[in-house]
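Numbering (my numbering), first residue to last: 2 to 910.
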């Protein structure tokens, strides 16, 4: 029994041993198979390592040794092959940050790649043409906000499987390739916030699966193609902030699934087609800031029950308010401000759910009594109309009634203004509740009342006379004390502008310390050679600028702000600005160092050609130091680049920002003469652009100085004036005009401007840089830019064109001086001297007051804080009073009033 038991135990042990060995072998085979399944291709592994190196990705995200399919962040594999790469949100190494570029060539080896997402990851450079030919399986391409520039390659049309294409928020230029219409499987196409030009391709009508099309904030022109009506699957269509012209085709009403339609800020004309009533699922309708006219019929909106947002501000609509819009059950925002609606305030009862709705009917011509209660609205703006009578609950926080003809409400129109309006229409006016002059008094005797009024008038006029005399004396004293030192802004070595009792910037430096990279004081001390004088570029008005070289070899500019010499605000506001705005035409801020107690350092990208003032003339022969000025193509390129940057500040920031230091030394140039605007420490919000309870300021308001002409420097019109002097520098070759605003400069302008005339091209040759007089076409282009410069220098700020129209003129200078309706280069005659400006620049509204806002600004009133791709904010309740004055003003704004032109002709000839 004992022997038998021992044998059985040995057999059992042997069996267990083989079982264990078998299990181990199986586990080993599974591990090998798993390793093979997770990553099969050595070529793809090599491609990923190369991509890791070219993009400068950190090892913690893409480590070298572990399997990429298992441990690399953002890498997705199927069956051992890479099918998706997402580098959005990944951080670079220090060297990677200093040398970002669009280098993704190794993607060609990932033949099964279906998704590439680099959203928000800096990839400066053009999109390679091979991208559309070498990735046949690609379904998602996301390059949003990647600093991409250049044109969109037509080869992207070969990505036949592509479902999502995101290219927004870059600096892409040129025309949209028609080949994108071949992407039959495309569902979302986003090309917004670029610099694309030309028309929308007709080939887009073939994108039958498209659900979202966004080409907003570009420079597209021509008409909206009728082929878009065939996009039956479309739900979101945004073509805002372009220069699209023509009528709105009624065929758009065929897009029955459309939820959002945004055509705002274009140059569309005609009426709103009633066929749009077919958009039964529409929730958001924005067609603001165009030239639409006619009446709004109730039939158009009767079937649009899903509307939540309607913005039709800044058009020319007439007639009565469309009452049916007020009764849409889901309405949350309705903006019909700055139109020509006329009539009594409608009585729409309690239809619709308007308890949470915000309405804006300001700047129209509505009149009559206000008998309705305003308590049920979230807010309503009825300012700048002609309502009269008493308002029971008109002083609440939810209603704005300024600039009407109402009784017992502050800030109303004048008695004369209201009387004229009502008299012109044959309507009775309540005279603000006062007795008519022909009516007898109720209690006082007539003689006693007359004597009382005489005493009152004597007191009023006596007091006014004393005040006037006192003001004149004070002005004479102040002007004598300040003579010779006023208005020294813009010179090389002037300190910061006094800010008086202005609101200070944020006290906590951590609010802005996250802008760019954080450098140590020792790093920047070493980079600049201990701020050696040999590295000093110039002494700026907000800090001293030094050239420096970082450890990686990157050349930078370091601004040293000594708090002993400059105010804390000089760098805090600039950091705050960079934290809230971004544009390719602004000087890139690479980082900052705020750790030192008395010296704050800002680090900028180094501009190879410095500024326009220092690079305008270059040494071409080292032996005799001969100089050569910039050629005209380069000069025009610089003018357009600077106009793009200023147009962004004026028209795309909300509220508008004023540069306040536009001159040749603040226009910086890289190695390709691309413009970057510098001197941004002076940027402030435009004066008068706040609206209560609606707009949040980008920067804290400060008190502003004034130019020698009396114009506040915190208006966009001031920037336009300074930019006009820069244009004259480019045309005449005379430097220093934009730097100074002294008596000598003004005298030079008075002598030079009469030689710029829209009637005589040859006159401009007397002031043009001789190196530009080469051929007829070139001279004609220079002449056109000179005309634009003269318009910018109009002595009346309200007559200066807005920067976006200046940009359009510089991009198409021949259209300024040539008849558009003829193919030849025949110049316009005197009889058509007005029509060319209106045809090209369009018409824009302006405040009839000389002290108002800059002409042409796109005003967003009251509740119109609706996001509109960064357009400008409100100017309060000022606006156009009558449609007839609109037409009169729009034909005079550019380039100058006819009276000035006629005087000019007499003086010259």
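For every residue, glycine included, the Cβ atom is placed at its ideal position computed from N, Cα and C. Just so we're clear, the structure is a prediction, and the values are computed from it rather than from any experiment.
Inter-stretch contact at 8 Å, needing at least 3 Cβ pairs: the segment 181–197 / the segment 211–231:
yes
Kindly list the residues whose CB is nearer than 6 Å to the CB of residue 311, restricted to its own chain and excluding five residues on each side of it in sequence; keep chain order.
286, 335
With 16 other Cβ atoms within 10 Å as the buried cut-off, status of residue 168
buried
Quick check: the segment 671–681 against the segment 635–649, are at least 3 beta-carbon pairs closer than 8 Å?
yes
Which residues in the same chain have their Cβ closer than 7 Å to the Cβ of residue 746, if we skip the five residues on either side of it in sequence?
738
One question on the structure: do residue 564 and residue 599 come within less than 8 Å of each other, judged by their Cβ atoms?
yes
Taking C-beta to C-beta, are residue 87 and residue 118 nearer than 8 Å?
yes
State the start and end residues of the unbroken beta strand (DSSP E) segment that holds residue 561.
556–563
Excluding the five sequence neighbours on either side, which residues of its own chain have a C-beta within less than 6 Å of the C-beta of residue 338, listed in chain order?
314, 361, 363, 364, 862
Check whether the Cβ atoms of residue 176 and residue 207 sit closer than 8 Å, and answer yes or no.
no
Considering only DSSP beta bridges, list what residue 343 is partnered with.
366
Proximity winner among 612, 648, 649, relative to residue 631 (alpha-carbon distances)
612
Can you tell me whether DSSP reads residue 82 as helix, strand or coil?
strand
Beta-carbon within less than 7 Å of residue 122's beta-carbon, same chain only, minus the 5 sequence neighbours each way: which residues are those?
88, 89, 91, 147
Own chain, CB closer than 6 Å to residue 84, minus 5 neighbours either side, in chain order
77, 113, 115
Take residue 133 as the anchor and find which of 406, 686, 386, 108 has the nearest alpha-carbon.
108
Count the other CB atoms, across all protein chains shown, that sit within 10 Å of the CB of residue 462; report buried if there are 16 or more and exposed otherwise.
exposed
State the Cα-Cα distance for the pair residue 70 and residue 48, rounded to the nearest angstrom.
13 Å
Sub-8 Å separation of residue 269 and residue 254 beta-carbons
no
Whole-Å CB distance - residue 174 paired with residue 196, under 8 Å assumed
4 Å
Could you tell me the alpha carbon to alpha carbon distance between residue 64 and residue 236, rounded to whole angstroms?
42 Å
Just confirm the distance between the C-beta atoms of residue 407 and residue 388, as a whole number of angstroms; I'd bet it's less than 8 Å.
6 Å
Anticipated Cβ contact below 8 Å, residue 405 with residue 383, distance rounded
7 Å
Can you tell which of 274, 139, 732 has its C-alpha closest to the C-alpha of residue 249?
274
In angstroms with no decimal places, state the Cα-to-Cα distance between residue 209 and residue 120.
26 Å
Candidates 409, 634, 200: closest to residue 782 by CA position:
634
Whose CA, out of 266, 295, 303, 294, lies closest to the CA of residue 277?
303
Exposed or buried, which one is residue 73 when buried takes at least 16 other CB atoms within 10 Å?
buried
Does residue 252 come out as helix, strand or coil in the three-state DSSP assignment?
helix
Within this structure, are the beta carbons of residue 805 and residue 648 separated by less than 8 Å?
yes
Alpha-carbon spacing of residue 97 relative to residue 659, whole angstroms:
34 Å
Start-end ranges of the beta strand (DSSP E) lying completely within the segment 160–196, minimum 3 residues:
165–167, 172–176, 189–191
How far does the beta strand (DSSP E) with residue 361 in it extend, from its first residue to its last?
359–361
Burial state of residue 845, where buried means 16 or more other Cβ atoms lie within 10 Å:
Residue confidence is low: residue 845 scores 39 on pLDDT, short of 50, so the model does not pin down where it sits. Its coordinate-derived value is still stated next. Burial call: buried.
I'd like the ranges of any beta strand (DSSP E) spanning at least 3 consecutive residues and lying wholly in the segment 87–166.
116–118, 141–143
Can you give the Cα-Cα distance for residue 815 and residue 787, rounded to whole angstroms?
12 Å
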